[in-house]
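Q: Okay, so the sequence shown: first residue is 44 according to my numbering, each after it adds one.
Don't be surprised by glycine CBs; every beta carbon is placed ideally from N, CA and C.
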Amino acid sequence: MPSGFSATRISTVDTNPKLFAIDDPEGFGVGVISASASNGVAVFQLLTPSGSSLPIATYIDPLINTGQANGIYRVRVAPPGPGGGLLHASIVVKPASQFGTRYVTISTSGQVTELFTRVTTGQSIGFDFEFGGGVAGNPSSAVLYDRFGPPTELAVLTDQLTLNIILPDSVPTGRTDIDIMGFSRDVTGSYGGGILIAESSLMFEQRSAIYELRDATAGGTYRPISDVPVSTRRYRDLDIAAAGSFGGVAYVTEVLTDEVQQVAPDGSHSTWATGFVGIGSLSISPDGESMYVADQNGVWLVRPIGNEPGPAVVTTDPSVPDGSKITGQPVDAIRIILSEPVSFLDTDVSITDSGGQPVGFDVSGSGSSFMIIGLAEPLSGNTYTVTLADSITSVSTGQPLDGDNDGVAGEDAILTFIHNCAADQNFDGMISPADFSAWVANFNAGC
């Protein structure tokens with residue numbers, strides 16, 4: 044590691060899974076999503092910074108094949124919008140002699156929904172994808188680009204979550220084919236603001252290049268950033284963060300040297316970290332303070348020395364991603380899962396209702412990673428705000444709670460749980476004739 048950084052192995056369960064770092068305590072959690080597939084089974088789990096492994100979903104399909112990229116092309120949590128808050132994954136399937144793509148979404152409860160399967164006769168289709176952010180001529184929805192070819196399909200995911208093929212063959216000028224290994228939106232703007240592609244073509248031109256993809260909905264334009272023979276450099280993944288210790292520059296995993304390398308906007312490469320074995324996927328946390336790297340020995344967490352985060356909220360049950368509302372039966376208990384065992388007292392927790400009045404409760408689980416809050420008055424048709432004070436500390440290090448999940452110990456964690464009665468169709472907190480009109484509108488809309 045470079046001076047000032049350290050690496051900790053947080054998992055040895057899967058070798059070389061696809062990774063996606065998240066900071067979503069009210070949704071999938073805090074840490075890195077690990078996705079791998081083999082022998083007809085795809086497994087999705089959350090790895091926390093302290094090394095805990097929490098299951099997200101298991102998807103069984105006899106067509107799942109490990110012939111490419113450990114069975115997973117890409118995994119991402121979608122931003123707000125159609126399909127937002129869901130985990131999206133493109134999975135390798137092989138119904139015959141060619142590879143294909145099965146694209147699924149996964150809810151925080153683990154429900155897997157198949158959106159589409161793309162298989163063609165005589166041609167392999169392997170869709171990598173990234174959300175375009177609505178900039179540089181790219182949609183806010185997912186942009187999908189075929190890893191195989193030629194021909195090389197370019198597609199987008201519509202607002203109806205269906206596949207729309209933009210061009211049956213879209214490649215940079217002077218190329219007949221590119222094979223995507225890394226696909227990540229330039230959130231810095233330093234590389235043009237489009238989607239960055241790290242590709243290594245092993246079968247045709249024998250090139251390794253980085254491009255900026257723009258104007259995907261119009262067929263795509265590709266601005267070259269770097270281009271060398273595949274014998275000189277071979278990519279496995281790419282990521283970039285806007286700020287933080289890892290922010291402002293693109294990082295790639297390079298197979299020939301088993302390195303993490305930095306790529307400057309002018310395309311120049313420099314070694315950043317060495318010592319990996321069979322390096323694979325790479326993902327940087329949204330705050331730019333943690334880097335996760337997969338290799339044949341497991342998953343590594345790299346972060347600045349002395350920037351040890353305190354314990355953080357990983358997820359909650361019930362789960363309330365993006366401020367979503369709880370419906371159905373009243374909630375009589377809340378479970379909070381933390382990134383590591385913590386020590387706390389009842390006085391470290393407070394709960395108020397929508398009127399700001401205290402809500403009675405009892406709390407248990409001190410010394411573990413699980414906080415169980417029993418509610419004296421079940422949550423029903425109300426909003427409860429749960430505050431966890433930063434007087435909650437790590438059992439192992441004594442560091443206070445990292446309540447705002449910024450990678451630095453300190454700050455209270457504030458969690459909001461909103462429950463709507465099933466009859467409150469318009470979510471205004473009241474039961475009135477307007478709810479019947481809302482129900483009719485929802486029924487006519489098919490939702």
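Return the CA-CA distance between residue 396 and residue 123, expressed in angstroms with no decimal places.
A: For this step, residue 396 is matched to residue 353 along the sequence shown. For this step, residue 123 is matched to residue 80 along the sequence shown. In a straight line, the C-alpha of residue 396 is about 27 Å away from that of residue 123.
Q: Give the secondary structure of residue 139 by DSSP, where H, G and I count as helix, E and B as strand, and everything else as coil.
A: Here residue 139 refers to the residue found at position 96 of the sequence shown. Coil.
Q: Given this structure, state the Cα-to-Cα distance separating residue 204 from residue 137, to the nearest angstrom.
A: For the purposes of this step, residue 204 is taken as the residue at position 161 of the sequence shown. For the purposes of this step, residue 137 is taken as the residue at position 94 of the sequence shown. Distance between the alpha carbons of residue 204 and residue 137: 23 Å.
Q: Shortest alpha-carbon distance to residue 288 belongs to which of 300, 147, 316 and 331?
A: The residue given as residue 288 occupies position 245 in the sequence shown. Comparing Cα-Cα distances from residue 288 to each of 300, 147, 316 and 331, the minimum goes to 331.
Q: Beta carbon of residue 379, beta carbon of residue 359: below 8 Å?
A: On the sequence shown, position 336 is the one that residue 379 refers to. On the sequence shown, position 316 is the one that residue 359 refers to. It is a contact, given that the beta carbons lie within the stated cut-off.
Q: Using CA atoms only, rank isn't needed, just tell me which of 119, 198 and 345 is closest to residue 147.
A: Reading the sequence shown from its first residue, position 104 is the one you call residue 147. For residue 147, the nearest C-alpha among the options comes from 119.
Q: Could you name the residues that DSSP lists as bridge partners for residue 428?
A: To locate residue 428, count along the sequence shown from 1; it is residue 385. Per DSSP, 395 and 459.
Q: Figure out for me which residue from 223, 153, 51 and 201 has the closest Cα to the Cα of residue 159.
A: Along the sequence shown, one-based indexing puts residue 159 at 116. Selected option, being the one with the closest Cα: 201.
Q: Based on the DSSP secondary-structure assignment, which residues constitute the bridge partners of residue 64?
A: For the purposes of this step, residue 64 is taken as residue 21 along the sequence shown, with counting starting at 1. BP columns for residue 64 point to 75.
Q: Look at the alpha carbon of residue 206 and the alpha carbon of residue 239, and state the distance between them as a whole number of angstroms.
A: The residue you call residue 206 lines up with position 163 of the sequence shown. The residue you call residue 239 lines up with position 196 of the sequence shown. Computed Cα separation, rounded: 21 Å.
Q: Taking the straight line between their C-alpha atoms, what separation do you get for residue 93 and residue 66?
A: Working through the sequence shown from its first residue, we reach residue 93 at position 50. Working through the sequence shown from its first residue, we reach residue 66 at position 23. Approximately 14 Å between the Cα atoms of the pair.
Q: Mind checking residue 49: buried by the 16 CB within 10 Å criterion, or exposed?
A: Counting from one through the sequence shown, the residue named residue 49 turns up at place 6. Exposed, since its Cβ has fewer than 16 Cβ neighbours within 10 Å.
Q: Check for me: the beta strand (DSSP E) holding residue 226 runs from which residue to which?
A: Indexing the sequence shown from 1 puts residue 226 at position 183. Run containing residue 226: 223–228, per the beta strand (DSSP E) assignment.
Q: Give the secondary structure of residue 112 by DSSP, where H, G and I count as helix, E and B as strand, and everything else as coil.
A: Your numbering for residue 112 matches position 69 in the sequence shown. Low confidence applies here, because residue 112 scores a pLDDT of 48, under 50, leaving its location unreliable and the question unanswered by this model.
Q: Look at the alpha carbon of residue 253 and the alpha carbon of residue 463, and state the distance between them as a whole number of angstroms.
A: Taking the first residue of the sequence shown as 1, we reach residue 253 at position 210. Taking the first residue of the sequence shown as 1, we reach residue 463 at position 420. If I take the Cα positions, the gap works out to 49 Å.
Q: Applying the criterion that 16 or more other CB atoms from any shown protein chain within 10 Å of the CB defines a buried residue, is residue 344 buried or exposed?
A: Your numbering for residue 344 matches position 301 in the sequence shown. Buried, because 16 or more other Cβ atoms sit within 10 Å of the Cβ of residue 344.
Q: On the premise that residue 188 lies in contact with residue 226, defined as a C-beta separation below 8 Å, what is that separation, rounded to the nearest angstrom?
A: Locating residue 226 in the sequence shown gives position 183, where the first residue counts as 1. Locating residue 188 in the sequence shown gives position 145, where the first residue counts as 1. Contact flag correct, Cβ pair sits at about 7 Å.
Q: Evaluate residue 444 with the Cβ neighbour count: other Cβ atoms within 10 Å of its Cβ, from every protein chain shown; 16 or more gives buried, anything less gives exposed.
A: As a position in the sequence shown, residue 444 is number 401, starting the count at 1. Per the 10 Å Cβ criterion, buried.
Q: Which one or two residues does DSSP pair with residue 80 in a beta bridge?
A: Here residue 80 corresponds to residue number 37 of the sequence shown, with the count starting at 1. DSSP output for residue 80 lists 85 as bridge partner(s).
Q: Residue 293 to residue 274, Cα distance in whole Å?
A: Mapped onto the sequence shown, residue 293 falls at position 250. Mapped onto the sequence shown, residue 274 falls at position 231. One C-alpha to the other measures close to 21 Å.
Q: How is residue 205 classed by DSSP in three states: helix, strand or coil?
A: Here residue 205 refers to the residue found at position 162 when the sequence shown is read from its first residue. Three-state result, residue 205: coil.
Q: Who are the Cβ neighbours of residue 438 in its own chain at under 8 Å, not counting the five residues just before and after it?
A: As a position in the sequence shown, residue 438 is number 395, starting the count at 1. Counting only Cβ-Cβ distances below 8 Å, and skipping sequence neighbours, we find 383, 384, 385, 386 and 410.
Q: Anyone know if the C-beta pair for residue 77 and residue 342 falls short of 8 Å?
A: Mapped onto the sequence shown, residue 77 falls at position 34. Mapped onto the sequence shown, residue 342 falls at position 299. Yes, they are a contact pair.
Q: For residue 388, I'd like the list of residues in its chain whose CB is within less than 7 Å of its CB, leaving aside the five on either flank, ordered along the chain.
A: The residue you call residue 388 lines up with position 345 of the sequence shown. Once the five neighbours on either side are set aside, residue 388 has no close Cβ partner at all.
Q: Please report whether the beta-carbon of residue 419 lies at a distance below 8 Å from any beta-carbon of chain D.
A: The displayed structure is made up of one protein chain only, and chain D is not part of it.
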